[in-house]
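Everything in the sequence shown is counted per my numbering, starting at 12 for the first residue and increasing by one.
All residues carry an ideal CB built from backbone N, CA and C; glycine is no exception.
Presented below is the structure to which this report refers.
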Amino acid sequence: MTNRQCGFSLIEVVLALGIFATAVLALGHSNEVRLQATAQLEKRSLAIIAASNTIESIRADSAVHPGVRESEQVIDGVAFRSSVAILETTHSHYFKVLVSVFDGATEIPANPVFQLQGGVYGHATSNK
């Protein structure tokens, strides 16, 4: 008579559980990284909208005020701070516009979330 054992040994079960736990932790971490990347992309998309809105508002005004100014915007509940530099060019009615958009939640902005460079036509006026 032979004595056959059916089923798994304790070592096989523990090893399988260890492999499964490692896989679950790896999936959890990759999901966390994916969520962070999605949040960053959403913030960048909103910063692009903020920069575009800033340049379009300058384009809509025929009077251009050369210089640097700061502004704040809230888009979809996210606060942004913008630094706008309007620079004169060699052409009398063409101005270069540099917009840097920073996260409005941080006190001291280190790096802009987005930067946009464009040009506008208009008549220069003094900034009051």
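Handout entry: chain B contact for alanine 96 (CB, 9 Å cutoff)
Key = Considering every chain present, this structure includes no chain B. It has just one protein chain.
Problem - Three-state secondary structure assigned by DSSP to valine 44 - result: Counted from its first residue, the sequence shown places residue 44 at position 33. Residue state, collapsed to three classes: helix.
Practice task
Give every residue of the same chain whose Cβ lies closer than 8 Å to the Cβ of valine 124, excluding the five residues on either side of it in the sequence, and list them in chain order.
Solution key: For the purposes of this step, residue 124 is taken as the residue at position 113 of the sequence shown. The answer, listed in chain order, is Lys54, Arg55, Ala58, Phe91, Val112, Phe113 and Asp114.
Practice task
Using the DSSP secondary-structure output, state which residues sit across from histidine 134 in a beta bridge.
Solution key: Within the sequence shown, the letter at position 123 stands for residue 134. In the DSSP assignment, histidine 134 is bridged to Ala74.
Problem - C-alpha distance - threonine 117 paired with valine 89, whole-angstrom precision - result: Position 106 of the sequence shown, counted from the first residue, corresponds to residue 117. Position 78 of the sequence shown, counted from the first residue, corresponds to residue 89. The straight-line gap from Cα to Cα measures roughly 12 Å.
Practice task
Indicate the three-state DSSP secondary structure (helix, strand or coil) for glutamine 51 in the structure shown.
Solution key: Numbered from its first residue, the sequence shown carries residue 51 at position 40. Helix at glutamine 51.
Problem - Cutoff 6 Å; reference leucine 127; Cβ partners in own chain excluding five residues on either side - result: In the sequence shown, residue 127 corresponds to position 116, counting from 1. Excluding sequence neighbours, leucine 127 sits near Ala62 and Val110.
Problem - alanine 121, DSSP secondary structure in three states - result: Along the sequence shown, one-based indexing puts residue 121 at 110. If DSSP states are grouped into helix, strand and coil, alanine 121 belongs with coil.
Exercise for the section: Rank Ser93, Leu21 and Thr101 by C-alpha distance to the C-alpha of asparagine 122 and give the top, closest one. Expected result: As a working note, residue 122 is residue 111 in the sequence shown. Cα-wise, what sits closest to asparagine 122 is Ser93.
Handout entry: Beta-carbon proximity of valine 108 to glycine 78, cut-off 9 Å
Key = Sequence index remark: in the sequence shown, residue 108 carries index 97 (1-based). Sequence index remark: in the sequence shown, residue 78 carries index 67 (1-based). No, these two residues do not count as a Cβ contact at 9 Å.
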